Ligand SMILES: [Zn+2]
Ligand SMILES: [Zn+2]
Ligand SMILES: [Zn+2]
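In the numbering used here, the protein residues as written are 1162 to 1436.
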């Protein structure tokens, strides 16, 4: 399995859209891995996780082949993860030779936003046949494009049912965990004894401990310890941290230094891992 991180920032991007702080200014000066767009990943080039407003940028500059995408796993409906208006560009009159129906899998909040935008479009665009939204229950595995996907509950915005995902295929298993703080009890319970080849974690808060809504490195270290104790990870497990905010205070180089003792790989836009 291959995961490519297309966007690795929190909601405001990094440098932040309107931010004047020194960390954002330094990111702009350094460029390269310190320029981060909003959160999105793609599995094996076609199974998308999230659909942020920067999706089109990811198509332009990172080789994302959107015409080949038929399924999107949505973690939650925050604006840095879901921008359904851009889905409507699949409609007749905007896109030619469109390849079947694209299905978004997610929670009820995402479903509401999806229908707000999609149902408001002109019927002649034909979106009823080109786009679908499927609400998925937590802890119930389902099949999509040859992958077994299991939604888990996150510790994030309590106004919606935010999801994390187990994605597995050909004996390889990925745990995709952002946005979230330390897992809620039901998720820990479900994970017991399940081993992962790659664990991808929220590190929004960089050097700071948080754990209730997002995580920082001290929380990631705690997660690593607990997942290892529970048999979910071992010396063969790869660890990636992503979804960074300027408020975490650490630029890419400094994040790599701080993450080294734990063996965490620090994602950047375009970062790809095979496992
Ligand atoms: Zn986010
Ligand atoms: Zn800033
Ligand atoms: Zn969020």
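C-beta: ideal position from N, C-alpha, C; glycine also.
Since this is a predicted model, take the numbers as computed values, not measurements.
Near ligand 1: residue i beta-carbon under 7 Å from a heavy atom
i, result
"residue 1268", "no"
"residue 1231", "no"
"residue 1171", "yes"
"residue 1404", "yes"
"residue 1219", "no"
"residue 1200", "yes"
"residue 1242", "yes"
Cβ-Cβ distance between residue i and residue j below 8 Å
i, j, result
"residue 1384", "residue 1343", "yes"
"residue 1434", "residue 1359", "yes"
"residue 1361", "residue 1338", "yes"
"residue 1188", "residue 1164", "no"
"residue 1184", "residue 1407", "yes"
"residue 1357", "residue 1393", "yes"
"residue 1144", "residue 1340", "Because the chain here runs from 1162 to 1436, residue 1144 falls outside it and cannot be looked at."
"residue 1402", "residue 1425", "yes"
"residue 1178", "residue 1212", "no"
"residue 1326", "residue 1314", "no"
"residue 1200", "residue 1242", "yes"
"residue 1173", "residue 1180", "yes"
"residue 1245", "residue 1279", "yes"
"residue 1221", "residue 1198", "no"
"residue 1367", "residue 1410", "yes"
"residue 1159", "residue 1310", "Look at the range of the chain in this structure, 1162 to 1436, and you will see that residue 1159 is not part of it."
"residue 1162", "residue 1378", "no"
"residue 1404", "residue 1373", "no"
Residues sharing a beta bridge with residue i, DSSP
i, result
"residue 1179", "In DSSP, residue 1179 forms no bridge with anything."
"residue 1433", "1165"
"residue 1338", "1362"
"residue 1426", "1401"
"residue 1305", "1308"
"residue 1295", "1266"
"residue 1319", "Note: residue 1319 sits in no beta bridge, so no partner."
"residue 1186", "Note: residue 1186 sits in no beta bridge, so no partner."
"residue 1329", "1309 and 1334"
"residue 1202", "1166 and 1210"
"residue 1232", "1208 and 1264"
"residue 1243", "1212"
"residue 1197", "1175"
"residue 1324", "1314"
Check: residue i C-beta below 7 Å from any heavy atom of ligand 2
i, result
"residue 1185", "yes"
"residue 1407", "yes"
"residue 1367", "no"
"residue 1192", "no"
"residue 1174", "no"
"residue 1410", "no"
"residue 1180", "yes"
Check: residue i C-beta below 7 Å from any heavy atom of ligand 3
i, result
"residue 1239", "yes"
"residue 1340", "yes"
"residue 1430", "no"
"residue 1211", "no"
Can at least three beta-carbon pairs, one atom from the stretch 1177-1192 and one from the stretch 1226-1236, be found at a separation below 8 Å?
-> no
Please specify which runs of the beta strand (DSSP E), each continuous and at least 3 residues long, are wholly inside the stretch 1248-1283, giving them in chain order.
-> 1263-1267
Entirely within the stretch 1362-1399 and at least 4 residues each: give me those alpha helix (DSSP H) ranges in chain order.
-> 1378-1390
The stretch 1287-1299 contacting the stretch 1257-1268, beta-carbon criterion three pairs below 8 Å | yes
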